[in-house]
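Peer 1:
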Amino acid sequence: MTFLQNCIAENKRDQALEYIHQICTDIDNSCVIKYCKNEALNLILSSYADQAKESGIDVRISVTATNFTRFQITDLCSLFANALENAIHACEKIPTSEKRYITLKVFEKNDRICINIANNYIQNPVFENEIPTSHEANHGIGVRSMISVVEKYHGVYGFFTENKEFRFQASL
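Going letter by letter, the sequence shown gives residues 115 to 286 in our numbering.
1. If contacts are defined as beta-carbon pairs under 8 Å, then residue 255 and residue 236 qualify, I think. What distance do you get, rounded to the angstrom?
2. Expressed to the nearest angstrom, what Euclidean distance is found between the alpha-carbon atoms of residue 118 and residue 159?
3. With the cut-off set at 7 Å, would you say residue 177 and residue 163 are in Cβ contact?
4. Would you report the Cα separation of residue 270 and residue 258, rounded to the nearest angstrom?
5. Which residues in the same chain have their Cβ closer than 6 Å to the Cβ of residue 284, if we skip the five residues on either side of it in sequence?
6. Any idea if residue 274 is buried or exposed, counting beta-carbon neighbours within 10 angstroms, 16 or more meaning buried?
7. Along the chain, which unbroken stretches of the beta strand (DSSP E) at least 3 residues long are found entirely within the region 203-241?
8. Would residue 154 pass as a contact of residue 227 if the rule is Cβ separation under 7 Å?
9. Enumerate in chain order the residues of its own chain whose CB-to-CB distance from residue 170 is below 8 Å, with the five nearest sequence positions on each side excluded.
10. On the three-state DSSP scale, how would you describe residue 285?
11. Please report the residue range of the beta strand (DSSP E) in which residue 245 lies.
12. Quick check for students: name the residue ranges of the beta strand (DSSP E) that lie wholly in the region 145-208, counting only runs of 3 or more.
13. As a quick exercise: from 262, 216 and 132, pick the residue whose alpha carbon is nearest that of residue 281.
14. At what residues does the alpha helix (DSSP H) containing residue 265 begin and finish?
15. From this set, 267, 165, 175 and 286, which residue's C-alpha is nearest residue 222's C-alpha?
16. What are the boundary residues of the beta strand (DSSP E) that includes residue 124?
17. Identify the continuous beta strand (DSSP E) that holds residue 269 and give its terminal residues.
18. State the CB to CB distance for the pair residue 121 and residue 130, rounded to an integer number of angstroms; the pair is presumed to be in contact (CB under 8 Å).
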């Protein structure tokens, strides 16, 4: 999503279309796992789980939440796509000889959707005002997009690190 945003902002239509075509091909070639009753969310989670597995990352996804009706599907897709894309990116920097993992848990508590995504990392993330930042080209937009979605639904979020594990938690 971040890449598409940048392509559109920089008027690189052909690159954006090529990326969309590649995503559609990847989705067509992947097995869609039914994590929940929301088909769009199943597509996003399955697609990113496949990408992670192709990179040698152990992925564990648990979705027990059932009520996503109050969320716009574009918001859900943006939130999960950006979170998983960031987790994959961090794990890919870990040497393949070491264990790489991503865990995602989505559950309901007190009529709210709770999200907990964790991944290991080798390169310490940089935080500014408790928000992870990146000075790499085309990075950092995804985190801002995630925050925007959580805030749109009057939620709360946090980014944490401990023992070489990065966690994003949100309740919305």
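Even glycine gets a Cβ: it sits at the ideal position worked out from N, Cα and C.
Peer 2: Straight from the coordinates:
1. As a first step, residue 255 must be located in the sequence shown, where it is residue number 141. As a first step, residue 236 must be located in the sequence shown, where it is residue number 122. About 23 Å separates the CB atoms of residue 255 and residue 236; that is not less than 8 Å, and the two are not in contact.
2. The residue given as residue 118 occupies position 4 in the sequence shown. The residue given as residue 159 occupies position 45 in the sequence shown. Cα to Cα, the separation comes out at about 18 Å.
3. Along the sequence shown, one-based indexing puts residue 177 at 63. Along the sequence shown, one-based indexing puts residue 163 at 49. No.
4. Numbered from its first residue, the sequence shown carries residue 270 at position 156. Numbered from its first residue, the sequence shown carries residue 258 at position 144. Using only the alpha carbons, I get a separation of about 14 Å.
5. What you label residue 284 is simply residue 170 of the sequence shown in a count that begins at 1. Result list for residue 284: 229, 264, 269 and 271, in chain order.
6. As a first step, residue 274 is located in the sequence shown; it is residue number 160 there, counting from the start. Burial call: exposed.
7. Runs of the beta strand (DSSP E) inside the region 203-241: 215-223 and 226-234.
8. Translated into positions along the sequence shown, residue 154 becomes position 40. Translated into positions along the sequence shown, residue 227 becomes position 113. Cβ atoms of residue 154 and residue 227: not closer than 7 Å.
9. Counting from 1 along the sequence shown, the entry for residue 170 is found at position 56. Hits under 8 Å: 210 and 214.
10. On the sequence shown, residue 285 is found 171 positions in, with the first residue counted as 1. Residue 285 sits in a strand when the DSSP states are folded into three classes.
11. The count along the sequence shown starts at 1 and reaches residue 245 at position 131. 245-247 is the extent of the beta strand (DSSP E) around residue 245.
12. The region 145-208 contains these whole beta strand (DSSP E) runs: 172-177.
13. Counting from 1 along the sequence shown, the entry for residue 281 is found at position 167. That would be 216, whose Cα lies nearest to the Cα of residue 281.
14. Stepping through the sequence shown from its first residue, residue 265 is reached at position 151. Residues 255-266.
15. Taking the sequence shown and counting its residues from 1, one reaches residue 222 at position 108. Of 267, 165, 175 and 286, the residue nearest in Cα terms is 286.
16. The residue you call residue 124 lines up with position 10 of the sequence shown. No beta strand (DSSP E) contains residue 124, which DSSP labels as neither H nor E.
17. Here residue 269 corresponds to residue number 155 of the sequence shown, with the count starting at 1. From DSSP, residue 269 is part of no beta strand (DSSP E); its letter is neither H nor E.
18. Your numbering for residue 121 matches position 7 in the sequence shown. Your numbering for residue 130 matches position 16 in the sequence shown. About 4 Å separates the two Cβ atoms, so the contact holds.
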